[in-house]
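In this note's numbering, the protein residues as written are 249 to 541.
For glycine and all other residues, C-beta sits at the position ideal for the given N, C-alpha and C.
None of the values given here were measured: they were computed from a predicted structure.
Okay, here's the thing in structure tokens:
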């Protein structure tokens, strides 16, 4: 048995001799380490450079803070107005996560129904397409007219935006199971439930998780757009309302602070969905397996 040392040599466990590794393997390991570090360091460096340029442009051109505030003013607004912005952030998150959960379970359940009955798919899939292609900004005013609760209206708007990617991706995945394996299941007398559980659902998992990553960002977008449409009816409901209120008062630093919170929330949701995809796929699916070459 051998042990790899930090200096890339293979050391026999019961011997004092050290056998150098292949130089190609050493260079591959070094390149992989540099790439892992670069994935985090480079974006941070670019972000810091962008912030410095933003600040310098404001100073060099003497831009008023009510047109383009300096980063330090945005940071101060974020700290000073945190009690207000934190409540707005929680309200927006509540709508976003609620819509995402409904879209996830609803899209998965409907996709399973579509694969079990072609007639159900033919009957209902066109209406899902209609909801997807109709701009939410056009539907939202009608929703707020017919729905008494503002919170329910926001939830419906966000759900409409997030629902279709889960449904379409999962349906595609369920229908993409290898037809030879389906024939094999049929030959051995497997029931529809057994075929669904042991063949179609595992085959659809990468597609479902891909739709989930898309739905995560779209649910946040749907919540923000719905809050914009709600206007005064949704006063104090979320970050979009804080942006509107700040624009009316020319409190541009607070507006930028709210925008940063929205962007940060979207990034966190995306990272969580990527982590979830890695957890479910990294042991068996080609898209997540790590290869040597």
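Check whether the segment 329-346 touches the segment 460-472, taking contact to mean three or more Cβ pairs, one atom from each stretch, closer than 8 angstroms.
-> yes
For residue 494, which residues from the same chain have a beta carbon less than 6 angstroms from its beta carbon, with the 5 sequence-adjacent residues on both sides left out?
-> Against the chain shown, residue 494 aligns to sequence position 246. Cβ within range, chain order: 502 and 503.
Taking one C-beta from the segment 485-499 and one from the segment 444-456 each time, how about it: are there three or more such pairs within less than 8 angstroms?
-> no
Can you tell me which of the three DSSP states residue 315 falls into?
-> In the chain shown, counting from the first residue as 1, residue 315 sits at position 67. Coil at residue 315, not helix or strand.
Reference residue 447; option with closest CA among 436, 426, 304 and 331 = For the purposes of this step, residue 447 is taken as residue 199 along the chain shown, with counting starting at 1. Residue 426 is the option with its Cα nearest to residue 447.
Enumerated in chain order, which unbroken segments of the alpha helix (DSSP H) with a length of 4 residues or greater are wholly contained in the segment 490-538?
-> 500-529
Three or more C-beta pairs below 8 angstroms linking the segment 354-370 and the segment 408-428 | As far as the Cβ criterion goes, the segment 354-370 touches the segment 408-428, which means the pair count is three or higher.
Taking only the alpha-carbon atoms, compute the straight-line gap between residue 373 and residue 359 and give it to the nearest angstrom.
-> Start at 1 with the first residue of the chain shown, and residue 373 comes out as number 125. Start at 1 with the first residue of the chain shown, and residue 359 comes out as number 111. Going by the C-alpha atoms only, they are around 9 angstroms apart.
What are the boundary residues of the alpha helix (DSSP H) that residue 275 is part of?
-> Numbered from its first residue, the chain shown carries residue 275 at position 27. First-last of the alpha helix (DSSP H) with residue 275: 271-308.
Residue 513 to residue 381, Cα distance in whole Å?
-> As a working mapping, residue 513 is identified with position 265 in the chain shown. As a working mapping, residue 381 is identified with position 133 in the chain shown. Going by the C-alpha atoms only, they are around 25 angstroms apart.
When the distance is taken between beta carbons, is residue 430 closer than 8 angstroms to residue 443?
-> In the chain shown, counting from the first residue as 1, residue 443 sits at position 195. In the chain shown, counting from the first residue as 1, residue 430 sits at position 182. For residue 443 and residue 430, yes; Cβs fall inside 8 angstroms.
Does the Cβ-Cβ distance between residue 370 and residue 361 come in under 8 angstroms?
-> Locating residue 370 in the chain shown gives position 122, counting from the first residue. Locating residue 361 in the chain shown gives position 113, counting from the first residue. For residue 370 and residue 361, no; Cβs fall outside 8 angstroms.
Backbone CA spacing between residue 298 and residue 466 [nearest angstrom] = Position 50 of the chain shown, counting from 1, holds the residue named residue 298. Position 218 of the chain shown, counting from 1, holds the residue named residue 466. When rounded, the distance between both Cα atoms is 26 angstroms.
Among 332, 330 and 422, which residue has its Cα nearest to the Cα of residue 366?
-> Within the chain shown, the letter at position 118 stands for residue 366. That would be 422, whose Cα lies nearest to the Cα of residue 366.
Going by Cα to Cα distance, which pick from 515, 317 and 489 is closest to residue 332?
-> Locating residue 332 in the chain shown gives position 84, where the first residue counts as 1. Minimum Cα distance to residue 332 is reached at 489.
Could you give the distance in angstroms between the alpha-carbon of residue 385 and the alpha-carbon of residue 498?
-> Here residue 385 refers to the residue found at position 137 of the chain shown. Here residue 498 refers to the residue found at position 250 of the chain shown. Our two residues, residue 385 and residue 498, have alpha carbons roughly 25 angstroms apart in a direct line.
What is the DSSP secondary structure of residue 437, counted as helix, strand or coil?
-> Residue numbering aside, residue 437 sits at position 189 when the chain shown is read from its first letter. Looking at residue 437 - three-state DSSP - the assignment turns out to be coil, as it is neither helix nor strand.
Close-in-space but distant-in-sequence residues of the same chain around residue 458 (CB under 7 angstroms, 5 per side omitted) | Walking along the chain shown from the start, residue 458 turns up at place 210. 417, listed in sequence order.
Do you know offhand how far residue 314's Cα is from residue 500's?
-> Residue numbering aside, residue 314 sits at position 66 when the chain shown is read from its first letter. Residue numbering aside, residue 500 sits at position 252 when the chain shown is read from its first letter. Using only the alpha carbons, I get a separation of about 5 angstroms.
Give, in chain order, every unbroken run of the alpha helix (DSSP H) that is at least 4 residues long and sits entirely within the segment 412-437.
-> 427-435
Within the same chain, show all residues whose beta-carbon is closer than 7 angstroms to that of residue 404, passing over the 5 residues directly before and after it, in chain order.
-> As a position in the chain shown, residue 404 is number 156, starting the count at 1. For residue 404, where only same-chain residues beyond five positions count, the Cβ hits under 7 angstroms are 391 and 395.
Between which two residues does the alpha helix (DSSP H) containing residue 341 stretch?
-> Taking the chain shown and counting its residues from 1, one reaches residue 341 at position 93. Where residue 341 is concerned, the enclosing alpha helix (DSSP H) stretches over 330-364.
Name the residue from 518, 412 and 275 whose alpha carbon lies nearest to the alpha carbon of residue 375.
-> Start at 1 with the first residue of the chain shown, and residue 375 comes out as number 127. Per the Cα distances, 412.
How is the alpha helix (DSSP H) around residue 394 delimited, first residue to last?
-> Walking along the chain shown from the start, residue 394 turns up at place 146. Its alpha helix (DSSP H) spans residues 384-394.
Close Cβ partners of residue 320 (< 8 angstroms) along its chain, the five nearest in sequence each way excluded | Position 72 of the chain shown holds residue 320. Around residue 320: 303.
Unbroken alpha helix (DSSP H) run spanning residue 458, endpoints = Along the chain shown, read from residue 1 onward, the residue named residue 458 stands at position 210. In the DSSP assignment, residue 458 falls within the alpha helix (DSSP H) that extends over 449-478.
Buried/exposed call for residue 279, threshold 16 Cβ in 10 Å | Counting from 1 along the chain shown, the entry for residue 279 is found at position 31. Exposed, since its Cβ has fewer than 16 Cβ neighbours within 10 Å.
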